[in-house]
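Chains as they are written, first to last, in our numbering: chain A, 1 to 114; chain B, 115 to 324.
Don't be surprised by glycine CBs; every beta carbon is placed ideally from N, CA and C.
Being a predicted model, the structure only gives us computed values, none of them experimental.
Below is one structure, written out as structure tokens, with a few remarks after it.
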Amino acid sequence: MSNRGPADTPPSEYEDEGRERLSYVVGLVLALLLTTGAFAVVWLDLLSGGAALAALGLLALVQAVVHLRYFLHIDLARSHRDDLLLILFTVLILLIMVSGTIWILYDQHIRMMA
Amino acid sequence: MSLSERLHPGLNLAGTDPEGHEAAEEVLFGFWIFLMSDLVLFAVLFATYAAMSVQGIAGGPRPAEVFDLTAAFLETMLLLLSSFAFGFAMLEMKYRENRRRVLSWLLVTGVLGAAFVGMELHDYYVMITAHAAPPQASGFLSAYYLLTGTHALHVSSGLVWMAIMAVQVMVIGFSTPVKLRLMRLALFWHMLDVVWIGIFTFVYLFGVVS
């Protein structure tokens with residue numbers, strides 16, 4: 001960056017900025033790799049059937065964690081756990097609602113077909 | 115509590131604007147709660163889609179017949195780069211408060227986001243005209259348009275919000291309320307990208323594989 005701000009800014013802020021800039025860059029690189037990997041599994045037919053679905057699900061989970069960590073700056077160590085607890089609680093609710101919905105609708109489907 | 119501590123999700127103002135940093139904790143946490151509840155909305159749409167894409171074909175086209183993975187990949191890239199550009203806008207805001215640079219990064223973010231919405235509308239157009247796959251054709255397609263449409267609507271409202279924030283930056287400059295609004299918009303924008311991970315995986319990739 002050519003524009004370096006006022007001269008009286010303490011140098012530690014530039015270190016902070018470098019660290020935070022790096023966080024976005026690392027997040028982008030990891031996200032690009034994971035996305036390309038997920039599409040490659042399908043495009044190149046690397047896996048099929050259940051193995052492909054499991055691999056894609058895993059890649060998506062890892063990429064979601066990468067986005068939370070590097071773009072939304074949520075982490076385990078330094079924080080303020082409220083944000084993390086809220087995410088974990090939301091994930092719990094999501095799992096109950098999503099798996100419950102899929103289960104019930106599948107069960108209804110089987111009964112309708114029988 | 116040290117002011118250099120991280121107080122909320124997203125980029126913190128600690129180090130450059132202690133006053134704004136303290137004011138941020140409450141409003142950003144509140145906004146985070148909204149985002150989590152928004153995530154619940156998307157989860158229910160995902161669950162509906164998961165059931166409908168298997169059991170709701172109703173003699174209509176199957177997912178693998180109507181999805182264009184190349185378009186989905188490009189849309190993923192557009193949204194990812196847009197999210198990344200917003201990160202750089204936030205860094206410029208935090209460390210330099212340089213209006214021109216922040217506005218340029220916001221413009222990059224907005225153009226990429228608008229290109230994403232444009233591509234999605236084009237996808238809909240191709241699906242409806244070339245594949246005879248309108249929303250009313252089957253439960254699968256209703257759920258598909260509802261899920262991706264809700265996401266596209268979120269991105270579009272993010273774009274409107276972004277335009278409003280650009281005007282506020284030009285007219286008001288970087289007062290604490292304006293900064294906090296931009297920080298909330300950043301959280302919203304990054305969260306929409308997280309939801310898109312679910313869409314490109316569970317809708318497009320799963321649809322083509324199975």
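In terms of CA proximity to residue 172/B, 249/B leads the group 121/B, 249/B, 273/B and 312/B. In this structure, DSSP gives residue 33/A a helical state, which the three-state scheme calls helix.
Under the 10 Å beta carbon count, residue 291/B is surrounded by fewer than 16 other beta carbons and is classified as exposed. Taking the Cβ atoms as the reference, residue 56/A lies roughly 6 Å from residue 38/A, within the contact range of under 8 Å.
Using beta-carbon distances, residue 213/B does not count as an interface residue toward chain A, since no partner is under 9 Å.
Scanning the stretch 155 to 191 of chain B for uninterrupted alpha helix (DSSP H) segments of 4 residues or longer gives 177 to 180, listed from N- to C-terminal end.
The three-state secondary structure of residue 199/B, taken from DSSP, is helix.
The continuous stretches of alpha helix (DSSP H) do not include residue 250/B, and DSSP gives it neither H nor E. Chain order gives no chain B residues near residue 69/A, where near means a beta carbon separation below 8 Å; the closest approach is about 11 Å. Going by beta carbons, residue 305/B and residue 153/B fall inside the 9 Å limit. Using a Cβ-Cβ cut-off of 8 Å, residue 64/A is close to 308, 311 and 312 of chain B, given in chain order. In the three-state reduction of the DSSP assignment, residue 132/B falls in the helix class, which pools H, G and I. For residue 324/B, the nearest CB of chain A lies under 9 Å from its own CB, placing it at the interface with that chain.
Distance from residue 40/A to residue 46/A at the Cβ level is roughly 7 Å; contact confirmed, criterion being Cβ atoms closer than 8 Å. Interface flag for residue 92/A against chain B is unset, since no Cβ pair is found closer than 9 Å. Around the CB of residue 100/A, fewer than 16 other CB atoms lie within 10 Å, so the residue is classed as exposed. Residue 107/A is classed as exposed because its beta carbon has fewer than 16 other beta carbons within 10 Å across all chains shown. Residue 197/B is classed as buried because its beta carbon has at least 16 other beta carbons within 10 Å across all chains shown.
Scanning 120/B, 139/B and 215/B for the CA closest to the CA of residue 295/B turns up 139/B.
Using a CB distance cut-off of 9 Å, residue 202/B counts as an interface residue toward chain A.
Cα atoms of residue 19/A and residue 88/A: separation of roughly 26 Å, rounded to the nearest angstrom. By the 16-neighbour rule on beta-carbons within 10 angstroms, residue 271/B is exposed. Only those residues of the stretch 29 to 53 of chain A whose C-beta falls short of 9 Å from the nearest C-beta of chain B are listed: 31, 32, 34, 35, 36, 38, 39, 41, 42, 43, 47, 48, 49, 52 and 53. Shortest Cα-Cα distance from residue 240/B to any of 191/B, 132/B, 156/B and 182/B involves 182/B. In the three-state scheme derived from DSSP, where H, G and I count as helix and E and B as strand, residue 278/B is classed as helix. Taking a C-beta distance under 9 Å as the contact criterion, residue 175/B and residue 251/B qualify as a contact pair. In the structure shown, the three-state DSSP call for residue 215/B is helix. Distance from the CA atom of residue 163/B to the CA atom of residue 316/B, rounded to whole angstroms, is 9 Å. Here residue 323/B is buried. Its C-beta has 16 or more other C-beta atoms within 10 Å. Interface residue (Cβ-Cβ distance to chain A less than 9 Å): residue 258/B is not classified as such.
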